[in-house]
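Worksheet for the structure shown next.
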Amino acid sequence: MPVTTIGPIQVHVDAEGFLTDYDEWDERLGTELAAQIGIEMTPAHWQAIRFLRADYPEQGETATLRRVSTLTGIPIKTLFDLFPKKPAKKMAYIAGLPKPRGCV
Amino acid sequence: MTTMSTAPAIIPSFDDAETGRKLAIICSKGNLDMAYPGLILANAALGEGVETHLFFTFWGFDIITKSHMAELKFTMLGNTATHLPQGLGGLPGMTAMATHKMKKQIAEIGVPTVPEFLEQIVASGGHLWACRMSADMMHLDEDDLYDAVEGIISAADFIEKTDGAQLLFI
Chain A
1 MPVTTIGPIQ
11 VHVDAEGFLT
21 DYDEWDERLG
31 TELAAQIGIE
41 MTPAHWQAIR
51 FLRADYPEQG
61 ETATLRRVST
71 LTGIPIKTLF
81 DLFPKKPAKK
91 MAYIAGLPKP
101 RGCV
Chain B
105 MTTMSTAPAI
115 IPSFDDAETG
125 RKLAIICSKG
135 NLDMAYPGLI
145 LANAALGEGV
155 ETHLFFTFWG
165 FDIITKSHMA
175 ELKFTMLGNT
185 ATHLPQGLGG
195 LPGMTAMATH
205 KMKKQIAEIG
215 VPTVPEFLEQ
225 IVASGGHLWA
235 CRMSADMMHL
245 DEDDLYDAVE
255 GIISAADFIE
265 KTDGAQLLFI
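Protein chains in written order, with this note's numbering: chain A, 1 to 104; chain B, 105 to 274.
Okay, here's the thing in structure tokens:
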């Protein structure tokens, strides 16, 4: 498993760069990960990311875009604004989770 | 450790630069099971940042017709993949029962109904177009169609709008 350095922090990642260890993540790292892909975190971003973090251990998989929208009440359109173009993958990356595997 | 910290960070490539990739999906079937492939692929493409256009034509018109969109049906008839005797499919009530069962299975895996799915596709930036010839044949106009349909256009208009797109016919 490759190790990479995000800001001052070393983490384990997969070949693409998604974190592989749930427990290596904290919000400071989340902010660094977001910065790597050009996103500056705001309270609106954190609402989605905190949901993903809380949902993952319960479900055993990363929430899809629809699940994030349905359960947080954040409209899909807003998620596209917050995490442009590829919201589901970008949210997963910032939250230190694997890419969602669900289709919808 | 020292060498590791100088290595470039491994960061996913989200290909944010404009790729110009476009997808055109022609939905020509009005059965419940034939509505979903187009909707799922459109949604997936939008989630990957691909500009996506759907063109609803012939039986596919039901997917965007207000009075039918929530009532699409699934029939066993002519579909050997149900692995049941074909004669069963013709019995009264079988289509209703098969439709009910399929809708339940779809809902159980968290996939939205057809109207909700269209709403999600539009919220994700997808474009919905209705076929001019189908509208004329069925005597339908914009008022009969799902509100987010951007227009009733000819096949030629659609081809023009989707210049350079990858195309799927369903």
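Heads up, the beta-carbon is just placed ideally off N, CA and C, and yes, glycines get one too.
Which residues DSSP lists as bridging residue i, in chain order
| i | result |
| --- | --- |
| Q270/B | L127/B |
| E155/B | K126/B |
| F160/B | C131/B and A234/B |
| T169/B | L249/B |
| I19/A | Strictly speaking, residue 19/A in this sequence is Leu, with Ile absent from that position. BP columns for L19/A point to V13/A. |
Where the beta strand (DSSP E) containing residue i begins and where it ends
| i | result |
| --- | --- |
| W233/B | H231 to C235 |
| T5/A | V3 to I6 |
| I257/B | G255 to I257 |
Buried/exposed call for residue i, threshold 16 Cβ in 10 Å
| i | result |
| --- | --- |
| E32/A | buried |
| I213/B | exposed |
| V104/A | buried |
| L195/B | exposed |
| D21/A | exposed |
| H45/A | buried |
| L188/B | exposed |
| S109/B | No answer about S109/B holds up, because its pLDDT of 48 lies below 50 and its placement is not dependable. |
| F273/B | exposed |
Start-to-end residues for the alpha helix (DSSP H) that takes in residue i
| i | result |
| --- | --- |
| I9/A | Not the alpha helix (DSSP H): I9/A falls in the beta strand (DSSP E), residues I9 to H12. |
| E32/A | E27 to Q36 |
| F165/B | It is not in any alpha helix (DSSP H) - F165/B carries neither H nor E in the DSSP assignment. |
| I94/A | P87 to I94 |
| D81/A | I76 to L82 |
| G57/A | The question names Gly, yet the displayed sequence has Pro at residue 57/A. It spans P43 to Q59 - the alpha helix (DSSP H) in which P57/A sits, taken as one unbroken run. |
| H204/B | M198 to E212 |
| G191/B | Q190 to G193 |
Whole-angstrom C-beta distance between residue j and residue i, which should lie under 8 angstroms
| i | j | result |
| --- | --- | --- |
| L232/B | A211/B | The pair is not a contact, with the Cβ atoms about 23 angstroms apart (cut-off 8 angstroms). |
| L127/B | A259/B | About 17 angstroms; that fails the 8 angstroms criterion. |
| A146/B | V218/B | The Cβ separation is near 12 angstroms, so there is no contact. |
| L105/A | M91/A | Because residue 105/A is not part of the residues shown, which for chain A are 1 to 104, the question remains open. |
| K89/A | F118/B | 7 angstroms |
The segment 71 to 83 of chain A contacting the segment 221 to 234 of chain B, beta-carbon criterion three pairs below 8 angstroms: With a cut-off of 8 angstroms, the segment 221 to 234 of chain B and the segment 71 to 83 of chain A count as touching, because enough Cβ pairs lie within range.
At least three beta-carbon pairs within less than 8 angstroms, the segment 152 to 164 of chain B to the segment 58 to 74 of chain A: Short answer: they don't touch.
The segment 144 to 154 of chain B / the segment 164 to 178 of chain B touching (three or more Cβ pairs under 8 angstroms): Touching, no, given that fewer than three Cβ pairs across the two stretches are closer than 8 angstroms.
Inter-stretch contact at 8 angstroms, needing at least 3 Cβ pairs: the segment 162 to 173 of chain B / the segment 129 to 136 of chain B: These segments touch.
At least three beta-carbon pairs within less than 8 angstroms, the segment 15 to 30 of chain A to the segment 92 to 102 of chain A: Between the segment 15 to 30 of chain A and the segment 92 to 102 of chain A, the count of Cβ pairs shorter than 8 angstroms is three or higher; the stretches touch.
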